[in-house]
Amino acid sequence: METQNLVNLKNWNFAHFNSEHFKSFIGMTGDIQEVDGQMKELILYSVTVVDGEDMEVFQRDFNSLKSAIDFINEKYGHWQFNDPTDKSGGGCGSCSAH
Numbered sequence: 000m001e002t003q004n005l006v007n008l009k010n011w012n013f014a015h016f017n018s019e020h021f022k023s024f025i026g027m028t029g030d031i032q033e034v035d036g037q038m039k040e041l042i043l044y045s046v047t048v049v050d051g052e053d054m055e056v057f058q059r060d061f062n063s064l065k066s067a068i069d070f071i072n073e074k075y076g077h078w079q080f081n082d083p084t085d086k087s088g089g090g091c092g093s094c095s096a097h
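Positions 0 to 97 (numbering that gives the first Met the number 0) are the ones given, in order, by the sequence shown.
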């Protein structure tokens, strides 16, 4: 059985999935929430889908990185996987500009 490339804890900030017209990736965002009368800063992990012109077409926020990784792999794991940090088969590390 072929091993499918997926987003994981080591590549989540660089890896993404592509379809013919869309790109899906995980980014970090922030928000504030009132807890016991105090404002608390939150770091969120956002699964985002953009079109060919980098216009956002979907975004869903998660409180944990693991939840965001599980969601992106389940929802978009059938798209083409790209990890520019993977030096084994091309990617950014094979570019002569670096």
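Even glycine gets a Cβ: it sits at the ideal position worked out from N, Cα and C.
- Per DSSP, the unbroken beta strand (DSSP E) holding F57 starts and ends at E55 to F61.
- Annotation: D85 is outside any beta strand (DSSP E) and is labelled neither H nor E by DSSP.
- Excluding sequence positions up to five before and after F57, its CB lies within less than 6 Å of the CB of V48, all in the same chain and listed in chain order.
- The distance from the Cβ of F61 to that of N4 is about 21 Å, inconsistent with a contact at the 8 Å cut-off.
- Inclusion of S45 and I31 in the CB contact set at 8 Å is not warranted, their separation being larger than that value.
- For K65, the enclosing alpha helix (DSSP H) has its first and last residue at L64 to Y75.
- Bridge pairing for S18: absent [DSSP].
- Listed as beta-bridge partners of K39 by DSSP are Q32.
- Under the three-state reduction of DSSP, F13 is assigned to coil, being neither helix nor strand.
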